[in-house]
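Chains as they are written, first to last, in our numbering: chain A, 289 to 688; chain B, 1294 to 1873.
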């Protein structure tokens, strides 16, 4: 009763953001969240993701009385701009954004500029199921998350290839170059600084350097020119063999899927091991498409959700973040019928019934098993990505 | 006399109060239209000169400009923007002149006019998607001739869409600008007595095309000069079409500004603001250049007119005019057909002309998600249009009653929001709004839409409103009707058709707004257009098909209503139906 009174008093005076409940007091969080509307800013370019978020919305409404609105972005950085613009204007509460699907440099930028609410992630009740040891959920591109963002999906680089045109997987980047030289115009990657395009550059760098350790600390500590020399040699050789001779690039990863379906490409990079199976199910890819990983492994990372420091409904956002970590939600996301995203949970922390739900999922014809995927390579420090992107833009991005 | 006035004032006090509202309406209209633009420009200035405290930049300097000029893509991007802007404007204007000069008066011209008018309402993004699918190496044009003619079993690796010269971008812009300029031209021709002028010129032995060019064009051009500048400024700074059809290595300056605005590296906002100012100066410069071109063409034209050439050989333009008119319409119609086909497509590979199967699955997947954006789009567009109509009618009525006529210079003000690039003032406006504690949401978005809706509503309503025969009003007043009553019971009913058309124009303009909805709405206001462009980043042609069609329908339905309603209401008043 007293809690209700406090909540009511707060509701009288609060414009919304003032009621920032301590995440460790979960009952209070649930109470404050009931009736809130959470604006989740997430990339809206994928129909399957949009449908998944809509499902999450219906579930949190049902269980917690939280209304979830998906603000569909064409670029996550739009949300970062928005929070920045709000702070510029001194709007330190009642902000337009309650939650952002985020990782990598966007997270690094927001954390550096103190634009995030928290720490909250490790206080969420469902954190107990998270595979803290086996999966890189506490650092994001080597930047410690420190509870300022909560993981909800695992991703790993795979290459989608059309077996009708490319019979066998390619073991490494040099094999990719040989194949592309022999089959010009059949491969490309999204234009950096698109997230996936930059990932291709990092993946190539990983595969081409002898010693990847410098990549894990800040670029300032290493000899950038020397470390990246093999990458630019490789790119100079690869670029003329690319789709459209490297004079134009797809703007996003999803565009590549359309290009494979059109028969323009035979090979494309993806950050979602289950995406190819999901696309086949939706008629977006021919059923001859399969996936592979490089012999020396591929980069993996987690997708997170973060809450801006001036969110209007931080409690509601925490409830959604917690729901995303529930076995129910994670199993649904894993199913390629829905999303095909890897889980962040540790299977041995689950009950038998919960584990059975995961085991029952048919991963789809184009999806590799966890064993085939192997252990993911850690993302390089974000400073590498920024330098490589800049360099790429100067070398290839303004060439015409 | 004074006493007489006093007497009147007492008796007509309520009327005069209302009259006072009419007096302030023109000012209010200008404020609604130009306030946000000027405020936004002001909000861009500070960061362009290095002042953006949120990223720790507190010193005024020229560093952002230095940084901008150091970007290697700067000159290519500027050159590309200018090239695309000038070439699309020259091309669209030439084609329209060719069509009107060689075809006006023919039955085919009426047909072209009827066919192109609805195309005006097709949102730019939807038209661009359609055209991209037509001309891509894996598109319909290529499928039509493959593999039986070309031997292509796979799409050829040709750089057509997103070509570095921006040619496909120009094609997309021209296809959309031809209907706009053509309708403007036809409206302007109504102002000059072209039939009799042509008859005189032809009786002097001038060929049809030459007669039009020598006698009508100079007079018509004077009237469509501002719309031509709008086309020029628009092609120079368009964002959504350039993202779909334009090159990316580098893109046009406007697209790059939007990219920088959205970069996680926050200090790039400074560079973006500097680029926004450059974009503004670029538009001014190119319009200035065009003006010089006008003077030169006028000089050369005058010499040509005085030479007295009757102009043999001009008829060779007729097939070209015919061809371009058909091509422009075909590009958009076939593009929409492409959107329809994709929205019902199952698996569909190259070089199949049709999908393997048709399915309702795409519509079922997206159908439920469409409801909210449709509601939002209709709400935004309705309110913006109604406000714009009230302001416009108020202004025109004030002009009618009190002679508060907008001068020729005032017409420039109307065009200002259409001439200043959106990328130059919207980001600044967003920051300013926040500074004054105005929360993002529906109301500010509607206000931002009004900035763009108002000029179009005003431009399309002002001519019929002014052309209304005042004698009807005099007769009504003589029968004892007050001025208000004349307005509501005589003038408005008679002008029903043009008012509805103006409303439809305003509605479709609002439906097409992308940047204002995205930036001012803080992402919380989701219209069909913002959803469609967000989906476009995913490249899922089925989803794009569904949303592109929904967007097109939202823009076209008001035109259909504007066409049908007067016929229904005035089914027994033929002269009021405004049938052309």
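Glycine is no exception: its CB is placed at the ideal position from the N, C-alpha and C atoms.
Where residue i falls, given that 16 or more other Cβ within 10 Å makes a residue buried
i, result
"residue 1599 of chain B", "exposed"
"residue 1515 of chain B", "exposed"
"residue 1590 of chain B", "exposed"
"residue 1865 of chain B", "exposed"
"residue 376 of chain A", "buried"
"residue 491 of chain A", "buried"
"residue 1596 of chain B", "exposed"
"residue 1306 of chain B", "Below a pLDDT of 50, predicted positions are generally treated as unreliable, and residue 1306 of chain B, at 42, falls in that range; the measurement from the model is reported next regardless. With fewer than 16 Cβ atoms within 10 Å of its Cβ, residue 1306 of chain B is classed as exposed."
"residue 303 of chain A", "Its pLDDT being 37, under 50, residue 303 of chain A is placed unreliably in this model, and the value from its coordinates should be taken loosely. The residue in question, residue 303 of chain A, is exposed, as its Cβ has fewer than 16 Cβ neighbours within 10 Å."
"residue 440 of chain A", "buried"
"residue 673 of chain A", "buried"
Minimum Cβ-Cβ distance from residue i to chain E less than 7 Å
i, result
"residue 571 of chain A", "This model lacks chain E altogether; the protein chains it does include are A and B."
Within 7 Å, strictly: CB atoms of residue i and residue j
i, j, result
"residue 1534 of chain B", "residue 1417 of chain B", "yes"
"residue 1430 of chain B", "residue 1448 of chain B", "yes"
"residue 1461 of chain B", "residue 1538 of chain B", "yes"
"residue 448 of chain A", "residue 632 of chain A", "no"
"residue 580 of chain A", "residue 658 of chain A", "no"
"residue 472 of chain A", "residue 540 of chain A", "no"
"residue 381 of chain A", "residue 598 of chain A", "yes"
"residue 332 of chain A", "residue 1825 of chain B", "no"
"residue 1634 of chain B", "residue 1821 of chain B", "no"
"residue 1374 of chain B", "residue 1492 of chain B", "no"
"residue 356 of chain A", "residue 328 of chain A", "yes"
"residue 1851 of chain B", "residue 1800 of chain B", "yes"
"residue 488 of chain A", "residue 557 of chain A", "yes"
"residue 1424 of chain B", "residue 1638 of chain B", "no"
Whole-angstrom C-beta distance between residue j and residue i, which should lie under 8 Å
i, j, result
"residue 1235 of chain B", "residue 1327 of chain B", "Past the boundaries of the shown model lies residue 1235 of chain B; chain B is included only from 1294 to 1873, so the question cannot be answered."
"residue 1420 of chain B", "residue 1616 of chain B", "Not confirmed; about 19 Å, so no contact."
"residue 1344 of chain B", "residue 1353 of chain B", "6 Å"
"residue 619 of chain A", "residue 649 of chain A", "7 Å"
"residue 1691 of chain B", "residue 1318 of chain B", "5 Å"
"residue 1340 of chain B", "residue 1568 of chain B", "Not confirmed; about 11 Å, so no contact."
Unbroken alpha helix (DSSP H) run spanning residue i, endpoints
i, result
"residue 1488 of chain B", "1487 to 1496"
"residue 1242 of chain B", "Here chain B has residues from 1294 to 1873 only, and residue 1242 of chain B is not among them."
"residue 1813 of chain B", "1808 to 1813"
"residue 1667 of chain B", "1654 to 1695"
"residue 1859 of chain B", "1834 to 1862"
"residue 518 of chain A", "512 to 526"
"residue 462 of chain A", "461 to 470"
"residue 543 of chain A", "541 to 549"
"residue 314 of chain A", "314 to 321"
"residue 446 of chain A", "Residue 446 of chain A -> not in any alpha helix (DSSP H); beta strand (DSSP E) instead, spanning 446 to 450."
N-terminal and C-terminal residue of the beta strand (DSSP E) that residue i is part of
i, result
"residue 358 of chain A", "355 to 361"
"residue 1713 of chain B", "Unbroken run through residue 1713 of chain B: none, as it is neither H nor E."
"residue 351 of chain A", "Where residue 351 of chain A is concerned, there is no enclosing beta strand (DSSP E), although the alpha helix (DSSP H) it sits in stretches over 335 to 352."
"residue 390 of chain A", "387 to 390"
"residue 588 of chain A", "588 to 594"
"residue 580 of chain A", "577 to 580"
"residue 529 of chain A", "No beta strand (DSSP E) holds residue 529 of chain A; DSSP gives it neither H nor E."
"residue 1781 of chain B", "Run containing residue 1781 of chain B: none; DSSP gives neither H nor E here."
"residue 328 of chain A", "325 to 331"
"residue 555 of chain A", "555 to 558"
Residue i: CB within 6 Å of a non-hydrogen atom of the ligand FAD
i, result
"residue 533 of chain A", "Absent from the structure shown: the ligand FAD. Ligands present: none."
Inset, instruction - Give the residues from the stretch 1854 to 1870 of chain B that approach chain A closer than 7 Å (Cβ to any Cβ), ordered along the chain. - result: none
Inset, instruction - Please name the residues in the stretch 1447 to 1481 of chain B whose beta-carbon is closer than 7 Å to at least one beta-carbon of chain A, in chain order. - result: 1447, 1448, 1450, 1452, 1455, 1457
Legend entry - Within 9 Å of chain A by C-beta, residues of the stretch 1517 to 1547 of chain B in sequence order: 1536, 1540, 1541, 1542, 1543
Legend entry - Residues of the stretch 550 to 562 of chain A with Cβ closer than 8 Å to any Cβ of chain B, in chain order: 550, 551, 552
Inset, instruction - Could you run through the stretch 1799 to 1826 of chain B and flag, in chain order, every residue whose CB is less than 8 Å away from some CB of chain A? - result: 1811, 1815, 1816, 1817, 1819, 1823, 1824, 1826
Inset, instruction - Scan the stretch 368 to 379 of chain A for residues whose Cβ lies nearer than 8 Å to a Cβ of chain B and list them as they occur along the chain. - result: Those residues of the stretch 368 to 379 of chain A placed with their C-beta closer than 8 Å to a C-beta in chain B are 368, 369, 370, 372, 373, 374, 375, 376, 377, 378, 379, ordered along the chain.
Inset, instruction - Mind checking the stretch 1677 to 1701 of chain B against chain A and listing, in chain order, the residues whose C-beta falls within less than 7 Å of any C-beta there? - result: none
Inset, instruction - Could you list the residues in the stretch 432 to 445 of chain A with a C-beta less than 9 Å from some C-beta on chain B, going in chain order? - result: none
Inset, instruction - Report the residues of the stretch 517 to 531 of chain A with a CB closer than 8 Å to any CB of chain B, ordered along the chain. - result: Cβ contacts with chain B come from 531.
Inset, instruction - Using a Cβ-Cβ cut-off of less than 9 Å, list which residues of the stretch 467 to 486 of chain A approach chain B; keep chain order. - result: 472, 473, 474, 479, 481
Legend entry - Under 9 Å (Cβ pairs) to chain B, residues found in the stretch 322 to 336 of chain A: 327, 329, 331, 332, 333, 334, 335
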